[in-house]
Structure formats: structure tokens, C-alpha cells
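To start, the structure itself, in C-alpha cells.
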Amino acid sequence: MSDMADEYQHAQPASGAESTGVTLYRPIIVSILYLVNLFTGFTILIGLILAYVWRNEEATTEWEESHFTYLIRTFWIGFWVTILLDAGAIGAAIAMSMGFPVTEDFGPHASHQDGPPPPAIIALVFGAILVGFLMFVWYCVRSILSLANAANQRPMPNPKTWLF
252 MSDMADEYQH
262 AQPASGAEST
272 GVTLYRPIIV
282 SILYLVNLFT
292 GFTILIGLIL
302 AYVWRNEEAT
312 TEWEESHFTY
322 LIRTFWIGFW
332 VTILLDAGAI
342 GAAIAMSMGF
352 PVTEDFGPHA
362 SHQDGPPPPA
372 IIALVFGAIL
382 VGFLMFVWYC
392 VRSILSLANA
402 ANQRPMPNPK
412 TWLF
């Protein structure tokens, strides 16, 4: 039986784990959670909590800290821009429902109720779609940039930027 035990021990790597060539540094984990959020809707909160916890650990290196700051700011900038846009959309909807004159012939007593919607409503809808798409691109680019730099253990060039 001891021969079989010897053979088993020789078959295992000396370090106890095989090298796959992929190292999941902590900023990579947070970036992946941010990107998975596009499909789940909740993993960004897990990533945010991990980024806050890991950023304050003593073992955190300078390049990791820059990524955590960058990713935490990605969350908060995106959160507040979304809140402001939602508040604006709700305010516009309330104003229009109360008969606020967006155009000349708009309101509860408009003369062309069965006609096309006023240009201001069309502009609001397409503007909201455009801003939503730009926020999506901004979020993806920031998450992917952090992922790419973390894979090479490079710090984020400007972790406190609003753009990229």
C-alpha cells in the first residue's frame, strides 16, 4: 500500500495546486462582478463591498488600491447619475401630466389628441435612450479597463477620474 501512496504523492504538484496561467487578483474579481451585474442585477453590490473591504487591508498593494478606488467611484458616479436622470424623467412626466405646456398644443385640452406626439416628448424619449446607452458604454469601458490593467498588475493611471 505504501507504493501506491508514493505514486500518488509524486503525481501531485509540489506546491499543492496546478498552475493554470490565470491568476485572479482581487481587482479582477471585483471587475468581473461588475460585468456580471449586467446579467444579474445584484453582483455589483458584492463587488462594491469587496472593494471597500480589500482597499482597507494592510496587504493591499498600491496598484490594487488604485483599482479599488476606480471601481468604487465607478459605482457611485453611475449610481448618482442614474438617480439624477430618473428624477429628471419623473419630474418631466409629472410636469406633462399636469398640463405644463411642453409645446403649443400639449396638455389635457390639446386640439390634436389623436395625432402624433409632440416633438418634446419624442426628444425626451430618444434623449433618455441615448443617455442610457452612453452610461452602459461608460460602465463597460471602465470595468474592462480595470480588468485589463489588473491582469498585468498595472495601477489605474487616474483612479479619481470621471471618465476613463
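When the sequence shown is numbered by our numbering, its final residue is 415 and no position is left out of the sequence of numbers.
The beta carbon of each residue, even a glycine, is placed where N, CA and C say it ideally should be.
Quick caveat, the model's predicted, so the values are computed rather than measured.
Continuous alpha helix (DSSP H) stretch holding residue i: start and end
| i | result |
| --- | --- |
| L421 | Nothing in the structure corresponds to residue 421, since the chain is present only between 252 and 415. |
| F293 | Per DSSP, F293 belongs to no alpha helix (DSSP H) and is neither H nor E. |
| N400 | 370-402 |
| R324 | 313-348 |
Rounded separation between residue i and residue j - CA only
| i | j | result |
| --- | --- | --- |
| Y285 | A340 | 26 Å |
| Y276 | F290 | 22 Å |
| F384 | G378 | 10 Å |
| G342 | T312 | 45 Å |
| D337 | K411 | 25 Å |
| P406 | I395 | 14 Å |
Buried/exposed call for residue i, threshold 16 Cβ in 10 Å
| i | result |
| --- | --- |
| L398 | buried |
| Y390 | buried |
| S348 | exposed |
| G298 | buried |
| V392 | exposed |
| R306 | buried |
| F326 | buried |
| P369 | buried |
| E315 | buried |
| N425 | Outside the displayed span of the chain (252 to 415) sits residue 425, for which this structure offers no information. |
| I295 | buried |
Cβ-Cβ separation, residue j to residue i (assumed contact under 8 Å), whole Å
| i | j | result |
| --- | --- | --- |
| F319 | P278 | 7 Å |
| S282 | A401 | 6 Å |
| A302 | I323 | 5 Å |
| W413 | I345 | Incorrect: roughly 29 Å between the Cβ atoms, too far for contact. |
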